[in-house]
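Mapping the sequence shown onto our numbering, position 119 (from 1) lands on 131, and the numbers just tick up by one.
Down below is the structure, laid out as structure tokens.
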Amino acid sequence: MLAFANAKINLGLFLTEKRTDGFHDLQTVFYPVKLYDVVELIDSEITECIIKGIEIPGNADDNICLKAFKTLQKDFDLPHQQIVLLKNIPVGAGLGGGSADAAFLIKLVNDKFDLGLSVEKMQGYARVLGADCAFFIENKPAYAFAKGDEFEDLQVDLSNHFMVLVKPPIHVSTAEAYSKVKVKEPATSLIDLIHLPLSDWKANILNDFEVSVFEKYPEIDEIKTKLYAAGATFALMSGSGSSVYAIFEKPVKLSELEKDNLVFYDI
13 MLAFANAKIN LGLFLTEKRT DGFHDLQTVF YPVKLYDVVE LIDSEITECI IKGIEIPGNA
73 DDNICLKAFK TLQKDFDLPH QQIVLLKNIP VGAGLGGGSA DAAFLIKLVN DKFDLGLSVE
133 KMQGYARVLG ADCAFFIENK PAYAFAKGDE FEDLQVDLSN HFMVLVKPPI HVSTAEAYSK
193 VKVKEPATSL IDLIHLPLSD WKANILNDFE VSVFEKYPEI DEIKTKLYAA GATFALMSGS
253 GSSVYAIFEK PVKLSELEKD NLVFYDI
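Right under this line is the structure:
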């Protein structure tokens with residue numbers, strides 16, 4: 013059995029408070045996009061994870077998909093499985109690829125072995141793996157708060173727009189991004205701002221990571237500037253970086269940005 017695990021972007025990201033557990037409270041809107049990893053489960057004599065495609069830093073034995081399977085294995089009598097992960101979603105890009113892989117692995121295991129887990133149960137398993145992992149269980153636009161693992165349904169539809177993602181050859185670690193960020197309570201909640209007309213997003217919807225990440229990596233800031241120069245209605249860094257997405261009213265071709273970056277069209 014296999015699944016296509018899609019990435020997400022953040023339509024705004026406010027870091028509102030440092031928690032006593034070391035995490036941050038935040039406000040964000042998660043929005044699924046059309047960039048996919050492939051996760052496959054194959055019957056095997058041993059449980060292992062094989063990674064293909066884009067190289068992932070670290071050891072395959074520490075991969076989040078394997079952690080997800082072993083987490084379920086503690087509660088269910090699951091036979092050995094070979095997990096094959098074809099990695100296409102850029103790493104260190106703020107796109108939630110690893111979290112998506114783990115969440116879709118949980119759903120695959122639930123389906124393959126008829127575990128009968130509810131959405132809430134699967135979200136519970138996902139939450140222990142990563143702050144945004146639980147989002148990918150339902151995998152639909154959502155306002156996220158607390159650590160980014162509590163959700164409210166949200167009606168946001170960008171399907172009538174042309175969306176582009178630019179990934180520079182820069183890896184921004186989540187820990188690095190969080191270490192430099194400043195927290196503050198926004199004057200207006202993101203759940204209200206997201207309902208403004210798209211033309212008003214540029215002046216109102218921010219990503220609090222941009223200040224510190226752009227200071228260290230001005231190339232990312234330059235990408236955002238070029239996207240607006242190309243006619244984007246809205247552009248923003250996703251998550252803790254390094255990718256920047258843009259929303260256009262019509263299809264575009266960004267040949268200049270393609271020279272030094274990966275550019276994904278119609279996401």
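Glycine is no exception: its CB is placed at the ideal position from the N, C-alpha and C atoms.
For this session: Return the first residue and the last residue of the beta strand (DSSP E) that threonine 59 is part of.
Result: As a working mapping, residue 59 is identified with position 47 in the sequence shown. No beta strand (DSSP E) holds threonine 59; DSSP gives it neither H nor E.
Problem set entry | Segment limits, beta strand (DSSP E) that includes valine 275 | Residue mapping note: residue 275 aligns to position 263 of the sequence shown, counting from 1. Unbroken beta strand (DSSP E) run through valine 275: 274-277.
Exercise. Closest by CA to glutamine 94, which one among Thr59, Leu25 and Leu47?
Worked result: For the purposes of this step, residue 94 is taken as the residue at position 82 of the sequence shown. Nearest C-alpha to glutamine 94 among Thr59, Leu25 and Leu47: Thr59.
For this session: Take every Cβ of the segment 107-114, pair it with every Cβ of the segment 14-29, and state whether three or more of those distances are shorter than 8 Å.
Result: Touching, yes, given that three or more Cβ pairs across the two stretches are closer than 8 Å.
For this session: Closer than 6 Å by C-beta to isoleucine 182: which residues in its own chain qualify, once you throw out the five before and the five after it? Chain order, please.
Result: Position 170 of the sequence shown, counting from 1, holds the residue named residue 182. Result list for isoleucine 182: Tyr229 and Ser254, in chain order.
Exercise. Can leucine 53 and threonine 40 be called in contact, C-beta distance under 8 Å?
Worked result: Stepping through the sequence shown from its first residue, residue 53 is reached at position 41. Stepping through the sequence shown from its first residue, residue 40 is reached at position 28. Not a contact, by the Cβ cut-off of 8 Å.
Exercise. Got a sec? Which residues, its chain only, sit under 8 Å from glutamate 162 by beta carbon, not counting five neighbours each side?
Worked result: For this step, residue 162 is matched to residue 150 along the sequence shown. Closer than 8 Å at Cβ, skipping near neighbours: Ala156.
Exercise. What are the residues that DSSP puts in a beta bridge with lysine 30?
Worked result: One-based indexing of the sequence shown puts residue 30 at position 18. In the DSSP output, where bridge partners are listed per residue, lysine 30 has His36.
Exercise. Would you call the segment 27-46 and the segment 68-80 in contact, with 3 or more CB pairs under 8 Å?
Worked result: The segment 27-46 makes no contact with the segment 68-80: fewer than 3 CB pairs, one atom from each, lie closer than 8 Å.
Exercise. With DSSP run on the structure shown, which of helix, strand or coil describes isoleucine 95?
Worked result: Position 83 of the sequence shown, counted from the first residue, corresponds to residue 95. In the structure shown, isoleucine 95 falls within a strand segment according to DSSP collapsed to helix, strand and coil.
Exercise. Between the C-alpha atoms of leucine 301 and serine 130, what's the straight-line distance to the nearest angstrom?
Worked result: Only positions 13 to 279 of the chain appear in the structure, and residue 301 is not among them; the question remains open.
For this session: Identify whether proline 44 lies in helix, strand or coil by the three-state DSSP scheme.
Result: For the purposes of this step, residue 44 is identified with residue 32 of the sequence shown, where counting begins at 1. Under the three-state reduction of DSSP, proline 44 is assigned to strand.
For this session: Could you say which of Val256, Leu47 and Asp89 lies nearest to leucine 180 if we only look at CA atoms?
Result: As a position in the sequence shown, residue 180 is number 168, starting the count at 1. It should be pointed out that residue 180 corresponds to proline in this sequence rather than to leucine. Residue Val256 is the option with its Cα nearest to proline 180.
Problem set entry | 6 Å CB neighbourhood of lysine 236 in its chain, flanking five on each side removed | In the sequence shown, residue 236 corresponds to position 224, counting from 1. Counting only Cβ-Cβ distances below 6 Å, and skipping sequence neighbours, we find Ala247 and Val256.
For this session: Enumerate in chain order the residues of its own chain whose CB-to-CB distance from leucine 120 is below 6 Å, with the five nearest sequence positions on each side excluded.
Result: The residue given as residue 120 occupies position 108 in the sequence shown. Within its own chain, the residues whose Cβ lies closer than 6 Å to the Cβ of leucine 120, once the five positions on either side in sequence are excluded, are Met13, Ala15 and Leu53, listed in chain order.
For this session: For leucine 166, I'd like the list of residues in its chain whose CB is within less than 6 Å of its CB, leaving aside the five on either flank, ordered along the chain.
Result: To locate residue 166, count along the sequence shown from 1; it is residue 154. Taken in chain order, the residues that qualify are Pro153, Ala154 and Tyr155.
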